[in-house]
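Q: My questions all concern the structure below.
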Amino acid sequence: MNDSIRIEHLYKSFKGRKNHTVKAVDDLSFVVKKGELFAFLGVNGAGKSTTISILCGTLQKDSGSVIVEGDNIDKTRRYVEKLGVVFQNSVLDGALSVEDNLRYRAALYGIEGEAFKTRLAELSELLSFGDILDRTVSKLSGGQKRRIDIARALLHRPEILILDEPTTGLDPQTRKLLWDVVRDLRERDNLTVFLTTHYMEEAADADYVVILDSGRIAAKGTPLELKTQYARDAITLYHVNEAEIAALGLPYTPLRDGYRIEIAATADATALITKHPHLFVDYEIVKGKMDDVFLNVTGKTLKGDDSK
Amino acid sequence: MTFLSLTKRNCKMFFKDKGIFFTSLITPLILLVLYATFLANVYRDSFTSVMPEGIALEESLVNGLVGGQLLSSLLAVCTVTVAFCANMLMVADKVSGAANDFLVTPVKRSVLALSYYVATAISTLIICFVALGAGLIYLSSVGWYLSFGDVLALILDVFLLSMFGTALSSVINYFLTSQGQISAVGSIVSAGYGFICGAYMPISSFSEGLQKVISFLPGTYGTSLLRNHAIGGVFREMEAIGLPEIVIDSLRDSIDCNLYFFDHKVATPVMYLILAAALFVTLSAYILLHIFAKKKKG
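Chains as they are written, first to last, in my numbering: chain Y, 1 to 308; chain G, 1001 to 1298.
Here's what the structure looks like:
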């Protein structure tokens, strides 16, 4: 079995104001492969958190099927042991110490005594929190709390790590640490990572991306496929004059030290180079960005506060 | 082990919140001081006014009776209201998202429910036993007539009522989803429970219809048990000094040591049975609520 998560025809609606039905998730189908970094993109209210809640078994779906590591979530709860979840808002007990938080969590999975000490040592080294074990959680910084959240989700060595907006509001150092840890775990343990994010650079590093818009899948594919299909490439030419660029008959934008030409695909760049080699002395070709993909697919832009 | 660990976590969360713990702890003590200051004279006057003319009792005997009445009222109220104060974590976990997070672990819902219950029961018992200790010290200073058996029976009463109060608060709090709701319920219970369990005013002073309604509430029998054990020694002393049986029995009636269910006098073992059955039913209902809880619909 190569699928970690298989969701088919998932529907979920809520009663809104004046009994108006809001379709939070509308015929959602996708597959997350084992060991994959899967990114879920969408603005607030797109249906990302609803899908995660259904996936975690805390929210009832209207219809459709959800299979996690071969287990149908309607028939068994065995699959929850294979999930590690980092919620958008920390669910650590603020009044307790870091060690107590992790100890009581580990006990829920039967990890106690020496087994807990060993796992705690591993995780504190991996996530660099050995020096704050006896600190009260409420007194930690956002970045420190996030590291403990992740350690908490990894205590029982899950097969799937669900990260719901994990890096929102984090400093660059903690953000880098988080992604380094995720990369290590994927390489070492073939961990599947299900990520929701509004940071395009994080989505661009994913193996597969699903863009949600109003509960429906607006686009899906690898970042390369999405960029090829939904974003235009650009060529920047240096040390040329405007008349030569205008003669190409393509839309262009003057820059301080050159001109940027938008092209539909990389193949068009090859054709231009072959036809006008004298223009291509100093140049660069840039693939379309995920921001462009998102904008073209949904007609919306993702901002820093679009955290759901 | 999961159960023990969860219970430990819940207890630690309660005791780490010094505000809640100390407020819960000093409330019964403040109540004891207020009762002794403001209600003792009222109780004393109402007691002496029903005594037949020509019968004079020792001051310490009167004080023992009044003190026992105060202590039993205090404990009857505290065992339930403290449980409501202490039973906040279940709702706090819903608010923080921790309750949802527990559902993404292998822990069974029944284990989770029991861990909240036992942790609240432990906190409630600690506070109520402190209140009992303070009350016994008060009684020893005004007029001590309790036997060792009475003290043991009081401990059993406080234990059973605290367990019942915790189960009752657990069932009610199960349906609450915010700190505001829990504060409102706590206030209502604190204000009203003392009346319906017969702690503030004897049930015998209520109208007949109301008495019948109240006789269906298990807390009433808990109050009566506490009364019997806190004042039993005073009645034994009254018998010893030759006070007529009819006078003692009318006194028992007037302060709810004797309880009647549709004119049938309820014996002490039956009161224990009612309280134990009420505890069993509420606790079972609470656990079943957790077990049969469906996933959130939205």
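No residue lacks a Cβ here, since even glycine has one placed at the ideal position from N, Cα and C.
Nearest chain G C-beta to Y/Asn89 closer than 7 Å, yes or no?
A: Interface residue, yes.
Q: Which whole-angstrom value is the C-beta distance of Y/Gly57 and Y/Arg77, which I expect to be below 8 Å?
A: Sure, about 7 Å apart at Cβ, within 8 Å.
Q: Examine chain Y for any beta-carbon lying closer than 7 Å to the beta-carbon of G/Lys1016, and answer yes or no.
A: Yes, because at least one Cβ of chain Y sits closer than 7 Å to the Cβ of G/Lys1016.
Q: Between G/Thr1027 and chain Y, is there a C-beta pair that is closer than 7 Å?
A: Not closer than 7 Å to any Cβ of chain Y, the Cβ of G/Thr1027 fails to qualify, so no.
Q: Is the Cβ of G/Thr1105 closer than 7 Å to any Cβ of chain Y?
A: Judged by the 7 Å Cβ criterion, G/Thr1105 is in contact with chain Y.
Q: Determine the extent of the alpha helix (DSSP H) in which Y/Asp35 is found, giving its start and end residues.
A: Checking the sequence, you will find Gly at residue 35 of chain Y rather than Asp. Unbroken run through Y/Gly35: none, as it is neither H nor E.
Q: Residues of chain Y with CB closer than 9 Å to the CB of G/Arg1252, please, in chain order.
A: Neighbours of G/Arg1252 on chain Y: none; closest Cβ ~48 Å, over 9 Å.
Q: So the candidates are Y/Phe30, Y/Tyr259 and Y/Ser4; which of them puts its Cα closest to the Cα of Y/Leu10?
A: Y/Leu10 has its Cα closest to that of Y/Phe30, out of Y/Phe30, Y/Tyr259 and Y/Ser4.
Q: If you pair each beta-carbon of the stretch 1179-1196 of chain G with each one of the stretch 1083-1102 of chain G, do three or more pairs fall below 8 Å?
A: Touching, per the Cβ criterion.
Q: Return yes when the Cβ of G/Thr1079 is within less than 7 Å of the Cβ of G/Gly1165, no when it is not.
A: Cβ distance < 7 Å, so G/Gly1165 and G/Thr1079 count as in contact.
Q: Less than 7 Å between CB atoms is the rule here; does Y/Tyr104 satisfy it with respect to chain G?
A: So yes, Y/Tyr104 belongs to the interface.
Q: Where does the unbroken alpha helix (DSSP H) through Y/Phe194 begin, and where does it stop?
A: Note, Y/Phe194: premise wrong, no alpha helix (DSSP H); beta strand (DSSP E) at Thr192 to Thr197.
Q: Between Y/Leu126 and the rest of its own chain, which residues show a CB-CB distance below 7 Å, the 5 nearest in sequence each way excluded?
A: Contacts found: Val181.
Q: Tell me the DSSP bridge mates of Y/Val7?
A: Note on residue identity: the sequence assigns Ile, not Val, to residue 7 of chain Y. Note: Y/Ile7 sits in a beta bridge opposite Y/Phe30 and Y/Val66.
Q: Express the C-alpha separation of G/Leu1004 and Y/Glu112 in angstroms, rounding to a whole number.
A: Distance between the alpha carbons of Y/Glu112 and G/Leu1004: 12 Å.
Q: Starting from Y/Leu55, trace the alpha helix (DSSP H) in both directions and tell me its first and last residue.
A: First-last of the alpha helix (DSSP H) with Y/Leu55: Lys48 to Cys56.
Q: Tell me G/Gly1222's beta-bridge partners as DSSP assigns them.
A: Answer by DSSP bridge pairing: none, since G/Gly1222 is not bridged.
Q: Between the alpha carbons of Y/Ile5 and Y/Glu159, how many angstroms are there, rounded?
A: Each residue's alpha carbon lies about 11 Å from the other.
Q: Could I get the ranges of all uninterrupted alpha helix (DSSP H) runs contained in the stretch 1125-1167 of chain G, with 4 residues as the minimum, in chain order?
A: None, since the stretch 1125-1167 of chain G contains no complete alpha helix (DSSP H) of that length.
Q: Would you say Y/Leu108 lies against chain G (beta-carbon separation less than 7 Å)?
A: Yes, because at least one Cβ of chain G sits closer than 7 Å to the Cβ of Y/Leu108.
Q: Please list, in chain order, all residues of the same chain as Y/Ala24 whose beta carbon is under 7 Å from its beta carbon, the five residues on each side excluded.
A: Contacts found: Lys12, Ser13, Phe14, Gly47, Thr50 and Gly215.
Q: Assign Y/Thr76 to one of three DSSP states: helix, strand, or coil.
A: Coil at Y/Thr76, not helix or strand.
Q: Roughly how many angstroms lie between the CA atoms of G/Glu998 and G/Tyr1193, to the nearest whole one?
A: Outside the modelled stretch of chain G, which goes from 1001 to 1298, sits residue 998 of chain G, for which no answer is possible.
Q: So, using beta-carbon positions, are Y/Lys34 and Y/Asn2 closer together than 7 Å?
A: Result yes, Cβ atoms of Y/Lys34 and Y/Asn2 sit closer than 7 Å.
Q: Could you give the distance in angstroms between the alpha-carbon of G/Ser1028 and the alpha-carbon of Y/Ser97?
A: Here residue 1028 of chain G turns out to be Pro, not Ser, going by the sequence shown. In a straight line, the C-alpha of G/Pro1028 is about 31 Å away from that of Y/Ser97.
Q: State buried or exposed for Y/Asn101, treating a residue as buried only when at least 16 other CB atoms are found within 10 Å of its CB.
A: Label assigned to Y/Asn101: buried.
Q: Any beta carbon of chain G sitting closer than 7 Å to that of Y/Glu81?
A: Judged by the 7 Å Cβ criterion, Y/Glu81 is in contact with chain G.
Q: Comparing alpha-carbon positions, which option in G/Phe1084, G/Asp1253, G/Ile1287 and G/Met1238 lies nearest G/Ile1055?
A: The option with the nearest alpha carbon to G/Ile1055 is G/Met1238.
Q: Please name the residue, chosen from Y/Ala39, Y/Gly142 and Y/Ala267, that lies closest to Y/Asp164 on a Cα-to-Cα basis.
A: Closest by alpha carbon: Y/Ala39.
Q: Shortest alpha-carbon distance to Y/Ile285 belongs to which of Y/Phe294, Y/Ile211 and Y/Thr270?
A: When only C-alpha atoms are compared, the closest one is Y/Thr270.
Q: Quick one, which residues of the stretch 1079-1107 of chain G are near chain Y if we go by CB-CB under 8 Å, in chain order?
A: The residues in question are Ser1096, Gly1097, Ala1098, Asn1100, Asp1101, Phe1102, Leu1103, Val1104, Thr1105, Pro1106 and Val1107.
Q: Give the DSSP-derived three-state secondary structure of G/Arg1109 in the structure shown.
A: Here G/Arg1109 sits in helix by DSSP.
Q: Does Y/Thr118 come within less than 7 Å of chain C when only Cβ atoms are used?
A: No chain C appears in the structure shown, which is made up of the protein chains Y and G.
Q: Per the contact definition of three or more C-beta pairs closer than 8 Å, is the stretch 226-235 of chain Y in contact with the stretch 287-297 of chain Y?
A: Verdict: yes, contact present.
Q: Can you round the beta-carbon distance between Y/His156 and Y/Glu81 to whole angstroms, since I take them to be within the 8 Å contact cut?
A: With a Cβ gap of about 7 Å, Y/His156 and Y/Glu81 count as contacting.
Q: Taking all protein chains shown into account, decide if Y/Ser53 is buried (16 or more other Cβ within 10 angstroms of its Cβ) or exposed.
A: When all chains shown are included, Y/Ser53 counts as buried.
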